[in-house]
Amino acid sequence: MGNGIAHTAARAGFAVQLCEINDQRLEQALATIAANLERERKKGKLSPEQVAAALDSIEGTTQLERLSKAALVIEAIPERPQLKQELFQKLDRLLQPSAILASNTSAISITSLAAATERPDRFIGMHFMNPAPVMPLVELVCGIATSDDTRARVKELTLALGKTPVEVQDYPGFVSNRVLMPMLNEAMYCVFEGVGTAEAVDQVMKLGMNHPMGPLTLADFIGLDVCLDILQVLYDGFQDNKYRPCPLLKRMVAAGWLGRKSGRGFFNYR
Numbered sequence: 000m001g002n003g004i005a006h007t008a009a010r011a012g013f014a015v016q017l018c019e020i021n022d023q024r025l026e027q028a029l030a031t032i033a034a035n036l037e038r039e040r041k042k043g044k045l046s047p048e049q050v051a052a053a054l055d056s057i058e059g060t061t062q063l064e065r066l067s068k069a070a071l072v073i074e075a076i077p078e079r080p081q082l083k084q085e086l087f088q089k090l091d092r093l094l095q096p097s098a099i100l101a102s103n104t105s106a107i108s109i110t111s112l113a114a115a116t117e118r119p120d121r122f123i124g125m126h127f128m129n130p131a132p133v134m135p136l137v138e139l140v141c142g143i144a145t146s147d148d149t150r151a152r153v154k155e156l157t158l159a160l161g162k163t164p165v166e167v168q169d170y171p172g173f174v175s176n177r178v179l180m181p182m183l184n185e186a187m188y189c190v191f192e193g194v195g196t197a198e199a200v201d202q203v204m205k206l207g208m209n210h211p212m213g214p215l216t217l218a219d220f221i222g223l224d225v226c227l228d229i230l231q232v233l234y235d236g237f238q239d240n241k242y243r244p245c246p247l248l249k250r251m252v253a254a255g256w257l258g259r260k261s262g263r264g265f266f267n268y269r
C-alpha cells in the first residue's frame, strides 16, 4: 500500500518522500513503482515524459528524520495498533506543527491513533483501496477531534490525487471492511467446514453473484495476515461472534501461507 500511495501522489504531480524500514524494502518499493508506471505507459495511460516526471518526484529514504518538512504524512505500516501509535508519536515530535498526520489503516480507530499524538485535530484516516494507483475510492475517516479544516484540506488533496473521497464514521472497519471481511471470513468457513473447496466457493461467487474476483482469491490478494488483523480488530471492537476469525485462517497465517505475496494461500502462486 505504501508504494501504491507514493505512486499515486507522484503521478498526480506531488513531491513525495517514500520512507521504508530498510534499504532492501526501499529498493523493492521503488522498483515496483517503476514497473507499474511502465505498465501504465504501455497501456497508453501515461506518456514517457509523465513516467519520468513521476519517478523524479519520488525521493526514497530509510530515515524518518528526512520527513521533518512534510506537509502531510500518510502511514501505511501493518495493522497493529501499538506499532502505529509508536510511529505516530515519533512523527508528532518530528513534524512541523501545521503538518497533518493520516493513517491508511483498514479498520483501527482513528480516534485512538490520534490520541497518541499532540495534534488530534490534525489527524485523519485516509483508507486507500488496493491497488492504490487503480482503485478510485479513498475512505476519509475523521476522529472525534479531527478539525473541519483538516477534513476539508485532505478532501481537497484526495480529489487532486484523482480519487473519490467518501466520508465515513470512525467505527471498527469503517464501511469497506465491516462489509467485506465478514464475507471473506464466511467463505473461509465454507472451506473449513467442508461445504466446498476454495475453487468451488470462488466459482459460485463469480458465476452466481457476478463478482469479478472470488472471495478467497481476493483474500489471497489482500494478504491473509492482513485479513486476520482486520477481523481481529472487528471482533475486539464489536465483541460479536460474526466477526470471529475462521480457525483455518489462523492456521494458514501461522504456517506462513499469507496468499499471493508468500506464494501460497488458498491457492498456489509458485
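Heads up: the sequence shown begins at 0 in numbering that gives the first Met the number 0, then just goes up one per residue.
C-beta atoms are modelled at their ideal positions from N, C-alpha and C, and glycine is treated no differently.
Q) From which residue to which residue does the alpha helix (DSSP H) around Thr31 run? A) It spans 22–41 - the alpha helix (DSSP H) in which Thr31 sits, taken as one unbroken run.
Can you check DSSP and say which residues form a bridge with Met125?
The beta-bridge partner set that DSSP reports for Met125 consists of Leu139.
Task: Gly113, enclosing alpha helix (DSSP H) - first and last residue - done: Residue identity differs from the one stated: residue 113 is Ala in this sequence, not Gly. 109–113 is the span of the alpha helix (DSSP H), which, as asked, contains Ala113.
- Any chance you could list the alpha helix (DSSP H) runs of at least 4 consecutive residues sitting entirely within the stretch 53–78, in chain order? Along the length of the stretch 53–78, whole alpha helix (DSSP H) runs at least 4 residues long do not occur.
Q) So does the stretch 49–69 actually touch the stretch 5–20, counting three or more Cβ pairs closer than 8 Å? A) Under the three-pair Cβ rule at 8 Å, the stretch 49–69 counts as touching the stretch 5–20.
Measuring CB to CB, does Leu160 end up less than 9 Å from Thr7?
The answer is yes: Cβ separation under 9 Å.
State buried or exposed for Ser274, treating a residue as buried only when at least 16 other CB atoms are found within 10 Å of its CB.
Only positions 0 to 269 of the chain appear in the structure, and residue 274 is not among them; the question remains open.
- request: State the Cα-Cα distance for the pair Glu48 and Asp55, rounded to the nearest angstrom.
  value: Straight through space, the alpha carbons of Asp55 and Glu48 are spaced by roughly 10 Å.
Margin query: For a test of your reading of the model: does the CB of Met128 fall under 8 Å from any non-hydrogen atom of the ligand NAD? Yes or no.
Written below: As far as ligands go, the structure on display features none, and thus does not contain the ligand NAD.
Along the chain, where does the alpha helix (DSSP H) containing Ser175 start, and where does it finish?
Per DSSP, Ser175 belongs to the alpha helix (DSSP H) from 175–191.
When the Cα of Phe127 is compared with those of Thr157, Cys245, Gln95, Glu37, which residue comes out closest? Comparing Cα positions, the closest option is Thr157.
Going by CA-CA distance only, name the one from Val133, Val167, Leu183, Ala53 that's closest to Cys245.
Comparing alpha-carbon positions, the option among Val133, Val167, Leu183, Ala53 lying closest to Cys245 turns out to be Leu183.
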